[in-house]
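Asker: In the numbering used here, the protein residues as written are 1283 to 1548. Virtual Cβ for every residue (Gly too), placed ideally from N, Cα, C. Owing to the predicted nature of the structure, the values given are computational and were not obtained by experimental measurement. Let me give you the structure first, and then I'll get to my questions.
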Amino acid sequence: MEVGNNLKILRKRLKKSQEEVAQDLKLSRSTYSGYENGVAQPNIENLVAFSDYFKVSIDELLRKNFEDFTENELERMDKGLLTDVKGQKLRVLTSLVNEHDEEMIELIPIKASAGYARGYADPDYLKVLPTFNLPFLSKNKKYRTFPIQGDSMPPVVEGSFVIAEFVQNWMTIRNATPCIVVTKEDGIVFKIVHNLLDSTQSFQLCSTNPFYKPYFVHVNDILEMWKFVNYISPELPEIRMDDHDLSRSLQELQKEVHELKSMINR
């Protein structure tokens, strides 16, 4: 385990002494120094405290050697970013291909959607999903189809399926982009996304239904991002005429009634 050396690197990046960190964590200096020097190993309570204090996961603290990190990776870690938002490291994306080695569009049925956050990278989960092709979509991009539940995103109604394009670099997502966001907590959600990575390392998720309040999701809680392409719906969108169209329709109706009366009176 690299815990001791990792703690030393994290502390120095905060420009703090062993005494200062020990005081912050309510430990004696000798106890904390022992952890950094590898004389003793921290228990689970202290590992949780180190994780919260330095804003790194326990897994990274135990398994990775921060000496091997690039400056860019260390800067991301300083900001509490455990996720590679730029996609510089290849995101693991399991996909299915047909007999011609062409990528298929997997469709996530409603019954399978609850387990997507756990099985999105599992070939055994994906291989039983229905697949299809749409010839008008680019062969150079990856697509997947997600079920829509609830009434938060009209005109896309419950029972619809959104076809979306996989996003490798989340920094490229522009404000007000409709996206499928796969989160650790809520699974699959379809929202209008606002990119706040530079300021708060998060996305604001908004609904087109005004009854639903916007909320924020930190990138560390996001598994995948997919950009909206089109959707398949069991219903036609409701057509609403504006005042001008309504007035014109009434005028045309009145004209037709007048012509009909004229014909009757002849």
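#1: Measuring straight from C-alpha to C-alpha, what distance separates Phe1448 and Ser1377?
#2: What number of angstroms, rounded off, separates the C-alpha of Tyr1402 from the C-alpha of Glu1506?
#3: Are the CB atoms of Thr1413 and Glu1388 within a distance shorter than 8 Å?
#4: Confirm, please, whether the CB-CB distance from Thr1459 to Val1439 is below 8 Å.
#5: Which residues bound the beta strand (DSSP E) around Thr1512?
#6: Looking only at its chain, what residues have a beta carbon closer than 6 Å to the beta carbon of Phe1428, apart from the 5 residues adjacent to it on each side?
#7: Tell me the DSSP secondary structure of Thr1352 in three-state form.
#8: Return the chain-ordered list of same chain residues with a C-beta closer than 8 Å to the C-beta of Pro1516, the five sequence neighbours on each side being excluded.
#9: Do the CB positions of Phe1510 and Ala1446 come within less than 8 Å of each other?
#10: Mind checking Leu1416: buried by the 16 CB within 10 Å criterion, or exposed?
#11: Can you have a look at Leu1372 and say buried or exposed, based on whether 16 or more other CB atoms are within 10 angstroms of its CB?
#12: With a threshold of 8 Å, are at least 3 pairs of Cβ atoms found where one atom belongs to the stretch 1496-1506 and the other to the stretch 1535-1546?
#13: Which residues bound the beta strand (DSSP E) around Asn1477?
#14: Is it buried or exposed, Ile1588, if we count other Cβ atoms within 10 angstroms and call 16 or more buried?
#15: Thinking C-alpha only, which one of Asn1328, Thr1352, Glu1357 and Asn1477 is nearest Val1501?
#16: Can you have a look at Lys1495 and say buried or exposed, based on whether 16 or more other CB atoms are within 10 angstroms of its CB?
Answerer: Quick look at the numbers:
#1: 11 Å
#2: 9 Å
#3: yes
#4: No; because the gap between Cβ atoms is not below 8 Å, this pair is not in contact.
#5: Per the sequence shown, the amino acid found at residue 1512 is Asn instead of Thr. Here the beta strand (DSSP E) through Asn1512 covers Ile1504 to Ile1514.
#6: Ile1390, Val1444, Ile1462 and Ile1470
#7: coil
#8: Excluding the 5 residues flanking it on each side, Pro1516 has same chain C-beta neighbours closer than 8 Å at Val1439, Gly1441 and Ser1442, in chain order.
#9: yes
#10: exposed
#11: Bear in mind that a pLDDT of 43 at Leu1372, under 50, signals an unreliable position, so the number given afterwards is only what the model happens to contain. It is exposed - the Cβ of Leu1372 has fewer than 16 other Cβ atoms within 10 Å.
#12: Contact fails: fewer than three Cβ-Cβ distances are below 8 Å.
#13: Gly1469 to Leu1478
#14: The chain is shown only over 1283 to 1548; residue 1588 falls outside these bounds and no answer can be derived.
#15: Checked all of Asn1328, Thr1352, Glu1357 and Asn1477; the closest Cα to Val1501 is Asn1477.
#16: Only exposed fits Lys1495, as fewer than 16 other CB atoms lie within 10 angstroms of its CB.
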